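Okay, so here's the structure we're looking at.
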Amino acid sequence: MLVEPSERNYIVPIAKQRAPRSAPPKQPTSNDKQLLAFAQEAELAVHDLYATVVSSSKFTGDEAAMLSMFTEHHKAYAQAINGLLGKEATNRRNESIYQTYVGQLTTMQSIYATLQALENTLAKTHIDILGNLEGIDGAQLVASIITAEARHAAVFGTLPTLSLSSALDNPAASIAPASSAPATPETTVAP
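Residue numbering for the sequence shown follows the numbering used here, starting at 1 and increasing by one per position.
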């Protein structure tokens, strides 16, 4: 049955009734810079943890090459974040993260389990940070880091001492700082 144009009921969704909003900022906001500074400090801590493992000479061949490559990945993430933050970058590792994990890097099995837990923790942390970023540049960068962190965790899950489910079923908790992001229409509840 065809409906005549005069009989059609035009419903305009609420979202289209709102006034147009401005586009998100390209550059990081001041809140973004705080979150990105934390992300950089976390990446530097993990870089230093990997460097500690590599310098221990417990691994050789392909394992040493993989760990060296992951070390450089974390350094590259920190450098990329530094590029966004400029003079506001601290370029210091998060000492709390480093001290929490360095004592667990003892045996080959504990090293792999610890590094996988770290990668899972960073993936969750960066997901939380991503959800609070307003600037497009920071969001794009953090999103690209998340996928690499998850892949690192999955690689550890393919090793004989761990299981893939330990990477895919990520039990890690985020360590992202609380955000002071301003309320938006999507997060504000009317009284």
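Ideal placement from N, C-alpha and C gives every residue a C-beta, glycine not left out.
What you are looking at is a predicted structure, and each value in this text was computed from that prediction instead of being measured.
Close Cβ partners of residue i (< 7 angstroms) along its chain, the five nearest in sequence each way excluded
i: Ser-163; result: Gly-157
i: Asn-82; result: Gln-40, Ala-89 and Asn-91
i: Gln-104; result: Ser-110 and Thr-114
i: Leu-84; result: Pro-28, Leu-36, Asp-137, Gly-138 and Leu-141
i: Ala-80; result: Leu-141
i: Leu-67; result: Tyr-50, Val-53, Val-54 and Phe-59
Alpha helix (DSSP H) segment containing residue i, residue limits
i: Thr-100; result: 95 to 102
i: Ile-81; result: 61 to 85
i: Asn-91; result: Note, Asn-91: premise wrong, no alpha helix (DSSP H); not H, not E.
i: Gly-138; result: 136 to 157
i: Ala-172; result: Neither: Ala-172 is in no alpha helix (DSSP H) and is coded neither H nor E.
i: Lys-33; result: 30 to 55
i: Leu-115; result: 108 to 132
Residue nearest to residue i in terms of C-alpha spacing, selected from the options
i: Leu-118; options: Leu-44, Ser-30, Gln-140 and Gly-138; result: Leu-44
i: His-126; options: Ile-111, Leu-115, Gly-138 and Val-142; result: Val-142
i: Tyr-98; options: Pro-24, Thr-52 and Leu-35; result: Thr-52
i: Ser-166; options: Asp-32, Ala-153, Ala-176 and Lys-75; result: Ala-153
i: Thr-107; options: Ala-78, Pro-177, Val-54 and Gly-61; result: Val-54
i: Leu-36; options: Gly-86, Ser-22 and Lys-58; result: Gly-86
i: Glu-149; options: Ala-76, Ser-96 and Thr-100; result: Ala-76
i: Ala-173; options: Ser-30, Thr-121, Leu-133 and Ser-144; result: Thr-121
i: Ala-42; options: Thr-71, Arg-151 and Leu-168; result: Thr-71
i: Thr-161; options: Ser-56, Ala-23, Glu-63 and Asn-132; result: Glu-63
i: Met-69; options: Val-155, Ile-175, Leu-168 and Asp-169; result: Val-155
Contact set for residue i: own chain, Cβ-Cβ below 8 angstroms, skip 5 residues either direction
i: Ile-146; result: Ala-123, His-126, Ile-127 and Leu-130
i: Leu-159; result: Tyr-112
i: Lys-26; result: Gly-135, Ile-136 and Asp-137
i: Pro-177; result: Gln-34, Leu-35 and Phe-38
Rounded distance between the beta-carbons of residue j and residue i, thought under 8 angstroms
i: Arg-93; j: Asp-32; result: The pair is not a contact, with the Cβ atoms about 21 angstroms apart (cut-off 8 angstroms).
i: His-74; j: Val-46; result: 5 angstroms
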